[in-house]
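Residue numbers (the working numbering): 528 to 880. Yeah, the Cβ is synthetic: ideal placement off N, Cα and C, and Gly gets one too. None of the values given here were measured: they were computed from a predicted structure. A short write-up of the structure that comes next.
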Amino acid sequence: MKIITILGARPQFIKAAAVSNLFRQHFDELLVHTGQHYDANMSDVFFEELNIPKPAYHLNIGSGNHGAQTGAMLTEIEKVLLTEQPDFVMVYGDTNSTIAGSLAASKLLIPVIHVEAGLRSFNKAMPEEQNRILTDHISDLLFVPTQTAVDNLKNEGIQKGVFNVGDVMYDGILHFTEIAKAKSTILNTLELTENDFLLCTIHRAENTNDPIRLKAICAALTASGEKIILPLHPRTQKYIADYGIELGANVKVIEPVGYLDMVRLESACKKIVTDSGGVQKEAFFLAKPCITMRDETEWVETVNNGWNVIVGADEAKIKDAILNFNPTRERLDYFGKGNAAELMVDLIKNHKK
Ligand code: UD1
Ligand code: UDP
């Protein structure tokens, strides 16, 4: 059985790391890299250190406005699908690479597998919300990570082909946390010790593209006075420079790091401050308090369980949470057993078209 998997952005490489090596044992899986992310520290590093199979096709699309970027991907992916004639096309998450892959396949009547289906922020201004709703509605197999995602799909009339397999990022964390501990030297390099720093990431468009929000976030990080490590996405680097924002000496900005360094930092930090989807979940898996600088989250379980707090881009709330948010409740088991990839293999094999 031939599966073409479309990838393009950092979190998709990390999800593929948890899936593709197992898939290779059962299917003829070919990876197609759209080139949405292209800097070495946003792309190559993950393929090298996580042993992800080399993409069979690299489309080199690069950055651009949503329409231009997604349209260019659609054109090129269609060519690959016409050549390869796969049995399935698989996409991850909610990026422009996701919608381009699912739409190209759906128009050619190739069944679509959507991994991390059913997530909703209920904020249609987010490009990711548009991408995930559209992808879910043209997918044949919808692998969802949580019961909330099953319910979200049901509310939109989607029940056929929906399987709660758990979260592939949980598979990844279970596999890579000890490897990261053994291999990563980032704590030494940055002269950090366990529990003496916070870890922060910022890249969400609604924060970076709005100077008021980005300034408030940076002001809160500085005003907290805490030692904060900030591996900065290139998008945010650009906007911080454009807006002329200065961060305090307590905030150490570094280039984006590879996944093993990231997991090591997540495992060793006191708390995590982020607007990332994946990082919110990793905080929960690793029992780190998470402060989410968004106005809502798709990962509502982590908030309901008391381990994640939504603070928007409100300077006072962010600072207060950095200093005072200390969850204590037992974490519940929302994200499956860490065997999502294995369950996906069986469900794909047994899928009746
Ligand atoms: C994309 C996804 C987002 C996901 C994120 C993961 C969409 C609409 N957004 O956002 O859902 O959370 O990836 O990180 O698909 N850039 C570089 N080098 C790179 C990549 C990007 O400099 O290797 C810069 C460019 O200026 C580019 C900007 O970052 O214009 C944004 O990149 P893009 O892929 O469009 O969106 P992300 O913010 O990365
Ligand atoms: N990540 C990483 N290096 C970094 C920042 C993030 O490896 O410098 C990892 C992080 O551990 C998680 C994934 O990237 O697995 C999340 O991707 P991102 O925050 O870019 O996107 P999102 O999950 O919000 O779509």
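{"Asked": "Three-state secondary structure (DSSP) at I626?", "Found": "helix"}
{"Asked": "Identify the continuous alpha helix (DSSP H) that holds V607 and give its terminal residues.", "Found": "593-611"}
{"Asked": "What's the gap between the Cα of Q552 and the Cα of K765?", "Found": "41 angstroms"}
{"Asked": "Looking at the structure shown, is C817 part of a helix, part of a strand, or coil, going by DSSP?", "Found": "strand"}
{"Asked": "When we look at the beta-carbon of E705 and count the other beta-carbons within 10 Å, is it buried (16 or more) or exposed?", "Found": "exposed"}
{"Asked": "Any heavy atom of ligand 1 closer than 7 angstroms to the Cβ of A475?", "Found": "The shown model of the chain, from 528 to 880, leaves out residue 475, and the question about it has no answer."}
{"Asked": "Give me the residue from D614, L741, D621 with the minimum Cα distance to A632.", "Found": "D614"}
{"Asked": "Going by DSSP, what residue range makes up the beta strand (DSSP E) through E556?", "Found": "555-560"}
{"Asked": "Using 7 angstroms as the cut-off, classify the Cβ of E825 as near or not near the heavy atoms of ligand 1, replying yes or no.", "Found": "no"}
{"Asked": "Measuring only from the beta carbon, is P638 closer than 7 angstroms to any heavy atom that is part of ligand 2?", "Found": "no"}
{"Asked": "Which residues in the same chain have their Cβ closer than 7 angstroms to the Cβ of N914, if we skip the five residues on either side of it in sequence?", "Found": "The structure shown has nothing for residue 914, since the chain only spans 528 to 880."}
{"Asked": "How many angstroms separate the CA atom of Y697 from the CA atom of G775?", "Found": "34 angstroms"}
{"Asked": "Note down, one range per segment and in chain order, each beta strand (DSSP E) of at least 3 residues found wholly within the stretch 676-755.", "Found": "689-691, 725-728"}
{"Asked": "Does the beta-carbon of G785 have 16 or more other beta-carbons within 10 angstroms, so that it is buried, or is it exposed?", "Found": "buried"}
{"Asked": "Can you tell me whether K529 is helix, strand or coil according to DSSP?", "Found": "strand"}
{"Asked": "Are the CB atoms of A840 and R762 within a distance shorter than 8 angstroms?", "Found": "no"}
{"Asked": "Does DSSP classify K846 as helix, strand or coil?", "Found": "helix"}
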